[in-house]
Amino acid sequence: MKIYDELVARGLIAQVTDEEEIKELINSGKATFYIGFDPTADSLHVGHFMALCLMKRLQMAGNKPVVLLGGGTGYIGDPSGRTDLRSMMTPETIQHNCDCFKKQMERFIEFGDDKAILVNNADWLLKLNYIELLRDVGAHFSVNNMLRAECYKQRMEKGLSFLELNYMIMQSYDFYYLFQNYGCNMQFGGDDQWSNMLGGTELIRRKLGKNAYAMTITLLMNSQGNKMGKTAKGAVWLDPSKTSPFEFFQYWRNIGDADVLKCIRMLTFLPLEQIDTMDKWEGSQLNDAKEILAYELTKLVHGDEEAKKAKKASHALFADGTDDSHMPTTEITAEHLRDGVIGILDLMVACGITSSKSEARRLIQQGGLFIDDVKVESIDCNITSEQLKNGVKIRKGKKTYHKALLK
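Counting with our numbering, you get residues 37 to 443 for the letters of the sequence shown.
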(Lines of atoms letter the chains of each structure in order from A and count residues from 1; the text may use other names and numbers.)
(Lines give C-alpha, C1' and ligand atoms only; values in the text may rest on other atoms or scores of the structure.)
Protein backbone atom coordinates (compact mmCIF):
# COMPACT_ATOMS: atom_id res chain seq x y z
CA MET A 1 0.00 0.00 0.00
CA LYS A 2 1.36 3.43 -0.98
CA ILE A 3 1.67 6.10 1.72
CA TYR A 4 -1.28 8.22 0.52
CA ASP A 5 -3.63 5.22 0.58
CA GLU A 6 -2.32 4.34 4.04
CA LEU A 7 -3.10 7.85 5.32
CA VAL A 8 -6.64 7.50 3.95
CA ALA A 9 -7.03 4.04 5.50
CA ARG A 10 -5.88 5.36 8.86
CA GLY A 11 -8.46 8.16 8.71
CA LEU A 12 -5.83 10.90 8.84
CA ILE A 13 -6.78 13.04 5.84
CA ALA A 14 -9.51 15.65 6.26
CA GLN A 15 -9.21 18.02 3.25
CA VAL A 16 -6.86 18.36 0.27
CA THR A 17 -6.51 21.03 -2.41
CA ASP A 18 -5.53 18.79 -5.36
CA GLU A 19 -5.82 15.11 -4.52
CA GLU A 20 -4.20 13.56 -7.59
CA GLU A 21 -1.19 15.90 -7.53
CA ILE A 22 -0.70 15.46 -3.77
CA LYS A 23 -1.05 11.68 -4.09
CA GLU A 24 1.61 11.59 -6.82
CA LEU A 25 4.01 13.85 -4.89
CA ILE A 26 3.99 12.01 -1.58
CA ASN A 27 3.79 8.51 -3.07
CA SER A 28 6.93 9.23 -5.12
CA GLY A 29 8.73 10.90 -2.19
CA LYS A 30 8.90 14.27 -3.98
CA ALA A 31 7.09 16.37 -1.40
CA THR A 32 9.01 18.97 0.56
CA PHE A 33 6.35 19.80 3.09
CA TYR A 34 6.04 21.91 6.20
CA ILE A 35 4.02 21.90 9.37
CA GLY A 36 4.04 24.95 11.64
CA PHE A 37 4.22 24.85 15.45
CA ASP A 38 3.55 28.07 17.34
CA PRO A 39 5.44 28.10 20.68
CA THR A 40 2.43 28.78 22.93
CA ALA A 41 3.90 26.75 25.85
CA ASP A 42 7.20 25.23 26.92
CA SER A 43 6.14 21.75 25.80
CA LEU A 44 4.38 20.09 22.90
CA HIS A 45 1.07 18.39 23.73
CA VAL A 46 -1.10 15.59 22.34
CA GLY A 47 -2.55 17.96 19.72
CA HIS A 48 0.96 18.36 18.23
CA PHE A 49 1.56 14.62 18.51
CA MET A 50 -0.64 13.79 15.51
CA ALA A 51 1.24 16.28 13.33
CA LEU A 52 4.59 14.83 14.42
CA CYS A 53 3.39 11.29 13.65
CA LEU A 54 2.25 12.39 10.19
CA MET A 55 5.61 14.04 9.62
CA LYS A 56 7.38 10.82 10.66
CA ARG A 57 5.22 8.68 8.34
CA LEU A 58 5.89 10.95 5.37
CA GLN A 59 9.62 11.10 6.11
CA MET A 60 9.74 7.30 6.27
CA ALA A 61 8.17 7.30 2.77
CA GLY A 62 11.04 9.44 1.40
CA ASN A 63 9.52 12.93 1.66
CA LYS A 64 11.38 15.87 3.21
CA PRO A 65 9.88 17.59 6.26
CA VAL A 66 10.39 21.25 7.07
CA VAL A 67 9.59 21.89 10.74
CA LEU A 68 8.56 25.52 11.11
CA LEU A 69 8.79 27.02 14.59
CA GLY A 70 6.54 30.05 14.95
CA GLY A 71 8.99 32.39 16.65
CA GLY A 72 7.46 35.22 14.61
CA THR A 73 3.77 34.23 14.45
CA GLY A 74 4.01 33.59 18.21
CA TYR A 75 4.13 37.38 18.63
CA ILE A 76 0.59 37.57 17.20
CA GLY A 77 -1.18 34.37 18.28
CA ASP A 78 -3.39 32.09 16.20
CA PRO A 79 -7.09 32.92 16.68
CA SER A 80 -8.24 29.53 15.31
CA GLY A 81 -10.62 27.78 17.70
CA ARG A 82 -10.33 30.58 20.28
CA THR A 83 -13.06 32.63 21.90
CA ASP A 84 -10.58 35.01 23.56
CA LEU A 85 -7.33 36.80 22.73
CA ARG A 86 -4.21 34.74 23.38
CA SER A 87 -1.92 36.17 26.05
CA MET A 88 1.02 38.15 24.67
CA MET A 89 4.36 36.43 25.26
CA THR A 90 7.72 38.14 25.71
CA PRO A 91 10.49 37.52 23.12
CA GLU A 92 12.41 35.60 25.82
CA THR A 93 9.45 33.29 26.52
CA ILE A 94 8.91 32.67 22.79
CA GLN A 95 12.58 31.76 22.32
CA HIS A 96 12.59 29.48 25.39
CA ASN A 97 9.48 27.67 24.14
CA CYS A 98 11.02 27.23 20.67
CA ASP A 99 14.12 25.67 22.25
CA CYS A 100 11.93 23.25 24.25
CA PHE A 101 9.97 22.26 21.12
CA LYS A 102 13.15 21.54 19.19
CA LYS A 103 14.45 19.12 21.83
CA GLN A 104 11.18 17.19 21.90
CA MET A 105 10.86 17.03 18.11
CA GLU A 106 14.22 15.30 17.77
CA ARG A 107 12.60 12.18 19.26
CA PHE A 108 10.28 11.94 16.26
CA ILE A 109 11.96 13.54 13.28
CA GLU A 110 15.37 12.75 11.81
CA PHE A 111 17.13 16.05 11.15
CA GLY A 112 20.20 16.45 8.95
CA ASP A 113 21.37 16.88 5.35
CA ASP A 114 18.66 15.75 2.92
CA LYS A 115 16.53 14.53 5.83
CA ALA A 116 14.55 17.20 7.70
CA ILE A 117 15.27 20.83 8.41
CA LEU A 118 14.09 23.11 11.20
CA VAL A 119 13.46 26.80 10.55
CA ASN A 120 12.04 29.67 12.59
CA ASN A 121 9.76 32.24 10.96
CA ALA A 122 11.15 34.94 13.28
CA ASP A 123 14.13 34.96 10.90
CA TRP A 124 12.05 36.57 8.15
CA LEU A 125 8.83 37.89 9.71
CA LEU A 126 10.56 40.16 12.23
CA LYS A 127 12.52 41.84 9.42
CA LEU A 128 9.49 42.70 7.27
CA ASN A 129 8.89 46.31 6.33
CA TYR A 130 5.26 47.16 7.10
CA ILE A 131 4.62 49.34 4.02
CA GLU A 132 6.27 46.81 1.70
CA LEU A 133 4.22 44.00 3.22
CA LEU A 134 0.98 45.93 2.72
CA ARG A 135 1.80 46.59 -0.93
CA ASP A 136 3.35 43.22 -1.85
CA VAL A 137 1.15 40.87 0.18
CA GLY A 138 -1.84 42.76 1.57
CA ALA A 139 -3.05 43.65 -1.91
CA HIS A 140 -3.68 39.94 -2.61
CA PHE A 141 -6.09 39.38 0.31
CA SER A 142 -9.81 40.09 0.30
CA VAL A 143 -11.03 41.16 3.74
CA ASN A 144 -14.51 39.89 2.80
CA ASN A 145 -13.11 36.39 2.20
CA MET A 146 -10.96 36.53 5.32
CA LEU A 147 -13.92 37.34 7.55
CA ARG A 148 -15.84 34.36 6.16
CA ALA A 149 -12.98 32.02 7.10
CA GLU A 150 -13.65 29.36 9.73
CA CYS A 151 -10.56 30.33 11.73
CA TYR A 152 -12.07 33.74 12.56
CA LYS A 153 -15.71 32.80 13.20
CA GLN A 154 -15.53 32.26 16.97
CA ARG A 155 -13.43 35.37 17.47
CA MET A 156 -15.95 37.48 15.54
CA GLU A 157 -18.53 36.90 18.29
CA LYS A 158 -16.40 38.60 20.96
CA GLY A 159 -14.51 40.94 18.66
CA LEU A 160 -11.64 40.17 16.31
CA SER A 161 -8.61 42.41 16.83
CA PHE A 162 -6.64 43.81 13.91
CA LEU A 163 -3.64 41.98 15.39
CA GLU A 164 -5.38 38.59 14.97
CA LEU A 165 -6.70 39.46 11.50
CA ASN A 166 -3.07 39.59 10.38
CA TYR A 167 -2.40 35.98 11.41
CA MET A 168 -3.66 34.56 8.11
CA ILE A 169 -1.41 36.95 6.18
CA MET A 170 1.63 35.93 8.26
CA GLN A 171 0.97 32.20 7.83
CA SER A 172 0.37 32.65 4.11
CA TYR A 173 3.61 34.61 3.81
CA ASP A 174 5.44 31.74 5.57
CA PHE A 175 4.34 29.32 2.84
CA TYR A 176 5.33 31.82 0.13
CA TYR A 177 8.77 32.33 1.74
CA LEU A 178 9.39 28.59 2.24
CA PHE A 179 8.28 27.88 -1.35
CA GLN A 180 10.81 30.37 -2.71
CA ASN A 181 13.72 29.67 -0.37
CA TYR A 182 13.41 25.97 0.46
CA GLY A 183 11.46 24.51 -2.46
CA CYS A 184 8.61 23.71 -0.07
CA ASN A 185 5.66 22.64 -2.25
CA MET A 186 3.16 21.46 0.39
CA GLN A 187 1.76 22.48 3.74
CA PHE A 188 0.10 20.14 6.23
CA GLY A 189 -1.77 21.12 9.37
CA GLY A 190 -4.82 20.58 11.55
CA ASP A 191 -8.22 20.87 9.91
CA ASP A 192 -8.84 24.14 11.78
CA GLN A 193 -6.00 25.65 9.70
CA TRP A 194 -7.68 25.09 6.31
CA SER A 195 -8.47 28.77 5.63
CA ASN A 196 -4.96 29.90 6.56
CA MET A 197 -3.42 27.22 4.34
CA LEU A 198 -5.55 28.17 1.34
CA GLY A 199 -4.34 31.74 1.84
CA GLY A 200 -0.78 30.48 1.31
CA THR A 201 -1.52 28.47 -1.84
CA GLU A 202 -3.42 31.45 -3.30
CA LEU A 203 -0.61 33.91 -2.47
CA ILE A 204 1.93 31.66 -4.23
CA ARG A 205 -0.34 31.39 -7.27
CA ARG A 206 -0.95 35.14 -7.46
CA LYS A 207 2.65 36.21 -6.82
CA LEU A 208 4.55 33.49 -8.68
CA GLY A 209 2.00 31.87 -11.00
CA LYS A 210 2.90 28.44 -9.58
CA ASN A 211 0.99 25.67 -7.81
CA ALA A 212 1.50 24.68 -4.18
CA TYR A 213 -0.62 22.24 -2.21
CA ALA A 214 -2.30 21.91 1.16
CA MET A 215 -3.65 18.98 3.13
CA THR A 216 -5.28 19.00 6.55
CA ILE A 217 -5.14 16.27 9.18
CA THR A 218 -8.28 15.04 10.90
CA LEU A 219 -8.59 16.59 14.35
CA LEU A 220 -8.40 14.05 17.18
CA MET A 221 -11.94 14.01 18.60
CA ASN A 222 -13.63 11.52 20.90
CA SER A 223 -17.00 9.89 20.25
CA GLN A 224 -18.73 12.79 22.07
CA GLY A 225 -17.25 15.28 19.60
CA ASN A 226 -14.74 16.81 22.04
CA LYS A 227 -11.04 17.34 21.35
CA MET A 228 -8.90 14.62 22.89
CA GLY A 229 -5.77 15.28 24.91
CA LYS A 230 -7.45 17.21 27.72
CA THR A 231 -7.92 16.24 31.36
CA ALA A 232 -9.38 18.04 34.38
CA LYS A 233 -5.82 19.26 35.08
CA GLY A 234 -5.42 20.58 31.52
CA ALA A 235 -3.49 19.40 28.46
CA VAL A 236 -1.71 16.05 28.18
CA TRP A 237 1.89 17.17 27.62
CA LEU A 238 4.80 15.35 25.97
CA ASP A 239 7.26 16.76 28.53
CA PRO A 240 7.63 14.12 31.29
CA SER A 241 7.98 16.81 33.97
CA LYS A 242 4.52 18.17 33.07
CA THR A 243 2.75 14.85 32.34
CA SER A 244 4.67 11.85 33.70
CA PRO A 245 5.07 8.75 31.50
CA PHE A 246 2.72 6.93 33.91
CA GLU A 247 0.04 9.65 33.62
CA PHE A 248 0.52 9.66 29.84
CA PHE A 249 0.09 5.87 29.74
CA GLN A 250 -2.99 6.07 31.96
CA TYR A 251 -4.62 8.75 29.81
CA TRP A 252 -4.65 6.41 26.79
CA ARG A 253 -5.43 3.34 28.92
CA ASN A 254 -8.60 5.06 30.16
CA ILE A 255 -10.08 6.36 26.91
CA GLY A 256 -13.58 5.30 25.89
CA ASP A 257 -14.30 1.95 24.20
CA ALA A 258 -15.67 3.77 21.15
CA ASP A 259 -12.38 5.65 20.61
CA VAL A 260 -9.66 3.06 21.11
CA LEU A 261 -9.51 1.48 17.63
CA LYS A 262 -9.69 4.89 15.93
CA CYS A 263 -6.73 6.09 18.05
CA ILE A 264 -4.72 2.95 17.31
CA ARG A 265 -5.34 3.46 13.59
CA MET A 266 -4.50 7.17 13.59
CA LEU A 267 -1.64 7.39 16.08
CA THR A 268 0.33 4.13 16.20
CA PHE A 269 2.67 2.65 13.62
CA LEU A 270 1.19 -0.85 13.97
CA PRO A 271 0.50 -2.49 10.58
CA LEU A 272 -3.00 -1.92 9.24
CA GLU A 273 -3.49 -5.68 8.81
CA GLN A 274 -2.98 -6.16 12.57
CA ILE A 275 -5.35 -3.28 13.37
CA ASP A 276 -8.01 -4.70 11.02
CA THR A 277 -8.09 -7.93 13.05
CA MET A 278 -8.54 -5.87 16.23
CA ASP A 279 -11.63 -4.19 14.71
CA LYS A 280 -13.60 -7.30 15.66
CA TRP A 281 -12.58 -7.11 19.33
CA GLU A 282 -15.24 -6.42 21.93
CA GLY A 283 -15.84 -6.65 25.68
CA SER A 284 -12.70 -7.37 27.69
CA GLN A 285 -10.63 -7.48 24.50
CA LEU A 286 -11.10 -3.70 24.25
CA ASN A 287 -9.12 -3.39 27.48
CA ASP A 288 -6.28 -5.27 25.77
CA ALA A 289 -6.56 -2.83 22.85
CA LYS A 290 -6.34 0.14 25.23
CA GLU A 291 -3.21 -1.29 26.82
CA ILE A 292 -1.65 -1.78 23.38
CA LEU A 293 -2.51 1.83 22.49
CA ALA A 294 -1.14 3.20 25.77
CA TYR A 295 2.08 1.19 25.46
CA GLU A 296 2.73 2.07 21.81
CA LEU A 297 2.18 5.81 22.33
CA THR A 298 4.19 5.96 25.57
CA LYS A 299 7.02 4.16 23.77
CA LEU A 300 6.91 6.69 20.92
CA VAL A 301 7.00 9.70 23.24
CA HIS A 302 9.10 8.51 26.19
CA GLY A 303 10.99 5.45 24.92
CA ASP A 304 10.69 1.71 25.41
CA GLU A 305 12.05 1.64 28.97
CA GLU A 306 9.58 4.23 30.30
CA ALA A 307 6.70 2.50 28.49
CA LYS A 308 7.58 -0.81 30.16
CA LYS A 309 7.79 0.89 33.58
CA ALA A 310 4.43 2.62 33.09
CA LYS A 311 2.79 -0.64 32.03
CA LYS A 312 4.24 -2.49 35.02
CA ALA A 313 3.16 0.28 37.41
CA SER A 314 -0.33 0.25 35.92
CA HIS A 315 -0.64 -3.51 36.45
CA ALA A 316 0.65 -3.24 40.03
CA LEU A 317 -1.76 -0.43 40.85
CA PHE A 318 -4.85 -2.00 39.34
CA ALA A 319 -4.12 -5.54 40.51
CA ASP A 320 -4.70 -4.64 44.17
CA GLY A 321 -4.54 -0.84 44.32
CA THR A 322 -1.69 -0.86 46.82
CA ASP A 323 1.38 0.15 44.80
CA ASP A 324 1.36 3.94 44.75
CA SER A 325 5.01 4.51 43.79
CA HIS A 326 4.07 5.75 40.31
CA MET A 327 0.71 7.22 41.25
CA PRO A 328 0.20 10.86 40.16
CA THR A 329 0.75 12.98 43.27
CA THR A 330 -0.24 16.51 44.27
CA GLU A 331 1.51 18.28 47.11
CA ILE A 332 -0.94 20.14 49.36
CA THR A 333 0.52 23.19 51.08
CA ALA A 334 -0.45 24.91 54.34
CA GLU A 335 -2.21 27.60 52.28
CA HIS A 336 -4.75 24.98 51.14
CA LEU A 337 -5.70 24.18 54.75
CA ARG A 338 -8.11 25.98 57.02
CA ASP A 339 -7.94 25.11 60.73
CA GLY A 340 -5.83 22.08 59.84
CA VAL A 341 -8.27 20.56 57.33
CA ILE A 342 -9.19 20.80 53.65
CA GLY A 343 -12.71 20.18 52.35
CA ILE A 344 -13.10 17.24 49.99
CA LEU A 345 -14.43 19.46 47.17
CA ASP A 346 -11.41 21.78 47.45
CA LEU A 347 -9.08 18.77 47.51
CA MET A 348 -10.56 17.36 44.28
CA VAL A 349 -10.01 20.66 42.45
CA ALA A 350 -6.52 21.20 43.93
CA CYS A 351 -5.48 17.73 42.69
CA GLY A 352 -7.03 18.29 39.26
CA ILE A 353 -9.24 15.22 39.67
CA THR A 354 -12.25 17.37 38.83
CA SER A 355 -12.25 20.72 37.06
CA SER A 356 -14.75 22.30 39.47
CA LYS A 357 -16.43 21.86 42.86
CA SER A 358 -19.77 21.19 41.18
CA GLU A 359 -18.22 18.28 39.25
CA ALA A 360 -16.72 16.96 42.51
CA ARG A 361 -20.12 17.29 44.22
CA ARG A 362 -21.81 15.23 41.47
CA LEU A 363 -19.09 12.60 41.67
CA ILE A 364 -19.61 12.15 45.43
CA GLN A 365 -23.41 12.11 45.12
CA GLN A 366 -23.10 9.37 42.49
CA GLY A 367 -20.90 7.29 44.80
CA GLY A 368 -17.82 7.48 42.60
CA LEU A 369 -15.18 8.86 45.00
CA PHE A 370 -13.05 6.87 47.47
CA ILE A 371 -10.47 8.03 50.01
CA ASP A 372 -8.07 5.25 51.10
CA ASP A 373 -10.56 2.76 49.58
CA VAL A 374 -13.49 4.08 51.67
CA LYS A 375 -16.41 5.60 49.76
CA VAL A 376 -16.91 9.31 50.44
CA GLU A 377 -20.54 9.64 51.56
CA SER A 378 -20.79 13.40 52.15
CA ILE A 379 -19.76 16.53 50.26
CA ASP A 380 -18.95 18.04 53.70
CA CYS A 381 -16.17 15.51 54.35
CA ASN A 382 -12.84 17.04 55.50
CA ILE A 383 -9.32 15.65 55.18
CA THR A 384 -6.98 16.49 58.06
CA SER A 385 -3.34 17.55 57.93
CA GLU A 386 -2.46 14.33 59.82
CA GLN A 387 -4.01 12.22 57.07
CA LEU A 388 -2.19 14.24 54.41
CA LYS A 389 1.18 13.82 56.15
CA ASN A 390 0.92 10.07 55.59
CA GLY A 391 -0.46 10.56 52.06
CA VAL A 392 -4.09 10.13 51.07
CA LYS A 393 -4.99 7.79 48.23
CA ILE A 394 -7.89 9.07 46.14
CA ARG A 395 -9.81 6.93 43.67
CA LYS A 396 -12.29 8.32 41.15
CA GLY A 397 -14.48 5.55 39.73
CA LYS A 398 -12.60 2.35 38.92
CA LYS A 399 -9.71 3.73 36.91
CA THR A 400 -8.39 7.07 38.16
CA TYR A 401 -5.96 6.98 41.09
CA HIS A 402 -4.24 9.97 42.69
CA LYS A 403 -2.30 10.71 45.86
CA ALA A 404 -2.43 13.90 47.96
CA LEU A 405 0.49 14.62 50.26
CA LEU A 406 1.16 17.49 52.68
CA LYS A 407 4.24 19.43 51.61
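Quick reminder that beta carbons are idealized off the backbone N, C-alpha and C, glycines included.
Given the structure is predicted, the values throughout are model-derived calculations rather than measurements.
Those residues which DSSP pairs with residue i across a bridge
i	result
residue 155	104
residue 367	441
residue 431	406 and 437
residue 68	100
residue 411	406
residue 419	378
residue 110	Paired residues: none, contrary to the question.
residue 273	81
residue 51	252
residue 257	263
residue 8	Past the edges of the chain, shown from 37 to 443, lies residue 8, and the structure says nothing about it.
Residue nearest to residue i in terms of C-alpha spacing, selected from the options
i	options	result
residue 59	222, 180 and 164	222
residue 398	432, 185 and 410	432
residue 333	57, 266, 287 and 351	287
residue 72	245, 96, 104 and 41	104
residue 226	148, 186 and 296	186
residue 99	315, 152, 241 and 217	152
residue 161	214, 126 and 194	214
residue 150	168, 372, 87 and 65	65
residue 295	309, 201, 315 and 310	315
residue 395	56, 259, 415 and 197	415
residue 218	170, 406, 67 and 132	67
Neighbourhood of residue i by C-beta distance below 7 Å, restricted to the same chain and skipping five residues each side
i	result
residue 387	366, 430, 438 and 440
residue 48	90, 253, 254 and 302
Contact test: residue i Cβ vs the ligand ATP heavy atom, cutoff 7 Å
i	result
residue 84	The model depicted lacks the ligand ATP and carries no ligand whatsoever.
Collapsed DSSP secondary structure at residue i in the structure displayed
i	result
residue 444	Since the first residue shown for the chain is 37 and the last is 443, residue 444 is missing from the structure and cannot be characterised.
residue 405	strand
residue 191	helix
residue 98	coil
residue 288	helix
residue 267	strand
residue 73	strand
residue 225	strand
residue 62	helix
residue 236	helix
residue 394	helix
residue 133	helix
residue 307	coil
Contacting residues, own chain, Cβ-Cβ under 6 Å from residue i (five flanking each side not counted)
i	result
residue 230	51 and 252
residue 130	75, 107 and 110
residue 92	144
residue 29	The structure shown does not extend to residue 29, since the chain is modelled only from 37 to 443, so the question has no answer here.
Cutoff 8 Å; reference residue i; Cβ partners in own chain excluding five residues on either side
i	result
residue 418	377, 378, 379 and 380
Would you call the segment 246-254 and the segment 218-235 touching, i.e. three or more CB-CB distances under 8 Å?
-> Touching, per the Cβ criterion.
Determine, using beta-carbon pairs with one atom in the segment 78-85 and one in the segment 136-143, whether at least three such pairs fall under 8 Å.
-> yes
Three or more beta-carbon pairs under 8 Å between the segment 104-114 and the segment 199-210, yes or no?
-> yes
With contact counted as at least three CB pairs below 8 Å, one residue from each stretch, are the segment 343-353 and the segment 267-282 in contact?
-> yes
Taking one C-beta from the segment 256-265 and one from the segment 234-243 each time, how about it: are there three or more such pairs within less than 8 Å?
-> Counting Cβ pairs under 8 Å, fewer than three are found: no touch.
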